[in-house]
Structures are given as C-alpha cells and as structure tokens.
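Worksheet: one structure, shown below.
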Amino acid sequence: MHDCFAHIGGRLATRLRDVTTDLSALDGTGWWAVVVDYEGKAVCARFDDVRPAPLPRPSAPWRGPDPDAWTTSLDRAAYEAGVRRIRHHIARGEVYQANLCRVLTAPLPAGDEPDPSALALRLAAGNPAPYAATLKLPGVTVVSASPELYLSRDGDVIESRPIKGTGETAADLLEKDYAENVMIVDLVRNDLGRVAAVGTVSVPKLCAVEEHPGLVHLVSTVRARLALGAGWPELFAATFPPGSVTGAPKSSAVRIIDALEPEPRGPYCGAVGWIDADSRTAALAVGIRTFWIHHRLIRFGTGAGITWGSDPSREWRETELKAARLITLASTGGHR
Numbered sequence: 453m454h455d456c457f458a459h460i461g462g463r464l465a466t467r468l469r470d471v472t473t474d475l476s477a478l479d480g481t482g483w484w485a486v487v488v489d490y491e492g493k494a495v496c497a498r499f500d501d502v503r504p505a506p507l508p509r510p511s512a513p514w515r516g517p518d519p520d521a522w523t524t525s526l527d528r529a530a531y532e533a534g535v536r537r538i539r540h541h542i543a544r545g546e547v548y549q550a551n552l553c554r555v556l557t558a559p560l561p562a563g564d565e566p567d568p569s570a571l572a573l574r575l576a577a578g579n580p581a582p583y584a585a586t587l588k589l590p591g592v593t594v595v596s597a598s599p600e601l602y603l604s605r606d607g608d609v610i611e612s613r614p615i616k617g618t619g620e621t622a623a624d625l626l627e628k629d630y631a632e633n634v635m636i637v638d639l640v641r642n643d644l645g646r647v648a649a650v651g652t653v654s655v656p657k658l659c660a661v662e663e664h665p666g667l668v669h670l671v672s673t674v675r676a677r678l679a680l681g682a683g684w685p686e687l688f689a690a691t692f693p694p695g696s697v698t699g700a701p702k703s704s705a706v707r708i709i710d711a712l713e714p715e716p717r718g719p720y721c722g723a724v725g726w727i728d729a730d731s732r733t734a735a736l737a738v739g740i741r742t743f744w745i746h747h748r749l750i751r752f753g754t755g756a757g758i759t760w761g762s763d764p765s766r767e768w769r770e771t772e773l774k775a776a777r778l779i780t781l782a783s784t785g786g787h788r
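If you read the sequence shown in the numbering used here, its first letter stands for residue 453, the second for the next number, and so on.
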C-alpha cells in the first residue's frame, strides 16, 4: 500500500492512512480520494500528505496494448440491436431515454507492473480534461480524462453539470441532443431535490456548448443547497448512479440497461474524485473517458444516450467517436 497515491485537481496525495467502503466516513475528517463503481462498490482512501504538485514521474514509459487487441462487450450488431430494443421500451412508455454502454478490454504487455502516471501523462498531453484524475488505490487503478462533473461541494452548496449531446462540431448537434439534455436536467433536479433545502434547486446554465478535444458537448449546470442533516451517504443515495449515464426515469433505465449490457461497468459511469471532509469541499467526476487496470487488463467504457429519435448506426458511431482518441493514446504506437 506504500505505492498508493492520487493525483486530482493539481494536487498529489501520498502517505495512505486508511481505506473504507463506508461513505459516512466522508463526513468525518481528512482528505479522501474516492472511486465508486457504477454498481455501487466504493473505495474511499484517506491520505495524510496532500499538496499542489505535478503528476509523479513515471517509473517507465507507458507500454499499452496492441491497437488491434481491444475487444468490445457489445459488437456493432449487438449494440445496434440494443438501441432498437430501447426504442421498443420507449414505444411501450417504460422509459424516455436510456444510456447504452459497452466496455472495451485489452491485455497489457508482459513485464513490469504498468505505471498509471505514464498513461496519465500521455492523456494530459493528447486529451486534457477538466476533471482528469489518476488514482492507484488498494484494489483499483484508475486513469480518467473525464469532462463531466457529477457532484461538487462548497460547504452546503452542491452542483452537478450533466453532459448530454455530443458531436464533432456544434453544427452536428441535433434537436434530439438538446431534448435529451433537458430531460436529464429534469432528472438531476429531481435527484438533488431529494436532499436539498426546499426551494434551493436552480439551473444557472442550460445546454451550454463546450468544446473538448475532438468533439463538443452540451453541458447544463444544476445547483442546490444541501438540507440540514444530509451528508454524503444521503447525497449518493439520492443521486447515484449519475443521471446522464443512466436515463429517465432512472429506475426503469437502470433495469433496461442491466438486461442489455453483458459486462459490469465498474468505475466507468461511476464517480471518481476527491472529498475534503475538513473544508467541506469536493469534486467528483462522472467516470467517463476513463481507463481502469486490473490483473494486467486495461478497460475503457463508451456509450450513448438513446431516445425515440435515435438512429442505431449513428449511436454506434457516437460511441466510436468518444473512444477513438483515447484508445489511440492508450495503445502502443499511440501519439504522445
């Protein structure tokens, strides 16, 4: 455990003190690095030394998988069939929107244990992201280039910035993308409303166009003030998994997703970030554009939001667009 660390938000955390799966610990004391799987398994690691610093120097250059070694949990035919299935559920009135995802997996080359800092440096150069995070914690190694805020905290003020709508340029965005964003904003408002002081939920920004490397997103901001007595367990119970990676209504979307996706999502579509219990501040990203490494396998998830207006082949292409740049950077021979 001595080599565990976290690098998030320009800060380097070392000297691991303890690890817990108990979210109520996040309302106690100390600075925590947090990874919560989409399936709800939490790893909360408290560090004693947290300071502004660059990424640790990697022990060796990154050696990624062969670009042709990646496999997918849903191939194109299965993914497009899944899109049609979700449209069937929409036609029956069971759901308005559901996020269909697939997990890409590749074996890492034999040799020394892979250093996540080496991959993180490659991503920082080729795909900088506002919520980039590198965490080597007991049982989980995550390198994320997430552009999406799940929850931030400043005292009692909570914010979420859901992303819905993706294109190569703003001109590619469709009416369907804007409608989808508004739908998820309503869901996030309702989720936060369950733990917010009455009358404090607001939407300061709706459907803002943000540019990211190789693509654009529609991003909205939802803000609320936490109700008296509500803490991190209550926040997660009300809002997790994030609305933008599930669908609306959330309970129906999660049920449909579970039936269609053959592999667990793991840290993908979960929460990745930091919580400072002493200052009552935090920033947790949605675990998208995120790699995780376990038993010499590297994984990466990609997906798209499906609505009645979805075209199966276009949605497949969106998952390819979201993955292409990062898979290239993580593979052997990827651009530095």
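All C-beta atoms in this analysis are idealised placements derived from N, C-alpha and C, irrespective of residue type, glycine included.
(request) With distances taken Cα to Cα, identify the nearest neighbour of Asp564 among Pro513, His664, Pro506. (result) Mapped onto the sequence shown, residue 564 falls at position 112. It is Pro513 whose Cα lies nearest to the Cα of Asp564.
(request) Say whether the stretch 530–541 touches the stretch 752–763, bearing in mind that this needs 3 or more beta-carbon pairs closer than 8 Å, one atom from each stretch. (result) yes
(request) Jot down the residue ranges of each uninterrupted beta strand (DSSP E) in the stretch 689–730, minimum 3 residues, whole runs only, in chain order. (result) 723–728
(request) Determine the closest residue to Leu680 out of Gly578, Gly492, Tyr583, Gly607, with distance taken between C-alpha atoms. (result) Numbered from 1 along the sequence shown, position 228 holds the residue referred to as residue 680. Looking at the Cα atoms, Gly607 is the closest of the given residues.
(message) Only counting the same chain, and skipping five residues up and downstream in sequence, which positions put a Cβ closer than 7 Å to that of Pro814?
(response) One cannot answer for residue 814 here, as it falls past the ends of the chain, which runs 453 to 788.
(request) Would you mind giving the Cβ-Cβ distance between Tyr720 and Val555, rounded to the nearest angstrom? I have them listed as a contact below 8 Å. (result) By one-based count along the sequence shown, residue 720 stands at place 268. By one-based count along the sequence shown, residue 555 stands at place 103. Confirmed, about 7 Å.
(message) Taking 8 Å as the threshold (C-beta atoms), are Ser672 and Val697 in contact?
(response) Within the sequence shown, residue 697 is the residue found at index 245, counting from 1. Within the sequence shown, residue 672 is the residue found at index 220, counting from 1. For Val697 and Ser672, no; Cβs fall outside 8 Å.
(message) Taking 8 Å as the threshold (C-beta atoms), are Phe743 and Ala723 in contact?
(response) Reading the sequence shown from its first residue, position 271 is the one you call residue 723. Reading the sequence shown from its first residue, position 291 is the one you call residue 743. Taking 8 Å as the Cβ cut-off, Ala723 and Phe743 do not qualify as a contacting pair.
(request) Counting only the same chain and skipping the five closest in sequence on each side, list residues whose C-beta sits under 6 Å from that of Pro716. (result) As a position in the sequence shown, residue 716 is number 264, starting the count at 1. Excluding residues within five positions, the ones whose Cβ falls inside 6 Å are Glu491.
(request) Please work out which residues of its chain come closer than 6 Å, Cβ to Cβ, to Arg469, disregarding the five sequence neighbours upstream and downstream, and give them in chain order. (result) Reading the sequence shown from its first residue, position 17 is the one you call residue 469. Correct list, in chain order: Arg498, Asp500.
(request) Could you say if the stretch 639–656 and the stretch 594–602 meet the contact criterion of at least three C-beta pairs nearer than 8 Å? (result) no
(message) Rounded to the nearest angstrom, what separates Gly699 and Lys493 at their Cα positions?
(response) As a working mapping, residue 699 is identified with position 247 in the sequence shown. As a working mapping, residue 493 is identified with position 41 in the sequence shown. Gly699 and Lys493: Cα-Cα distance of roughly 20 Å.
(message) Could you pull the DSSP bridge partners for Glu611 from this structure?
(response) Residue 611 sits at position 159 when you count from the first residue of the sequence shown. In DSSP, Glu611 forms a bridge with Ser604, Arg675.
(request) Spatial neighbours of Lys774 within its chain, please: CB distance less than 6 Å, with the 5 preceding and 5 following residues excluded, ordered by chain position. (result) Looking up residue 774 in the sequence shown gives position 322. Thr754.
(request) Would you mind listing the beta strand (DSSP E) stretches within the stretch 749–783 that are 3+ residues and don't spill past its ends, in chain order? (result) 749–758
(message) For Gly462, which residues in the same chain have their Cβ closer than 7 Å to its Cβ, ignoring the five residues on either side in sequence?
(response) Indexing the sequence shown from 1 puts residue 462 at position 10. If we look at Gly462 and ignore the five residues flanking it on each side, its Cβ neighbours are Pro504.
(request) Please state whether DSSP places Pro559 in a helix, a strand or coil. (result) Taking the sequence shown and counting its residues from 1, one reaches residue 559 at position 107. Three-state DSSP puts Pro559 in a strand.
(request) Compare the beta carbon distance of Trp522 and Ala558 with 8 Å and say whether it is the shorter of the two. (result) Taking the sequence shown and counting its residues from 1, one reaches residue 522 at position 70. Taking the sequence shown and counting its residues from 1, one reaches residue 558 at position 106. Yes, the pair counts as a contact, with Cβ atoms nearer than the cut-off.
(request) Locate the beta strand (DSSP E) running through Lys657, then write down its first and last residues. (result) Locating residue 657 in the sequence shown gives position 205, counting from the first residue. Where Lys657 is concerned, the enclosing beta strand (DSSP E) stretches over 654–664.
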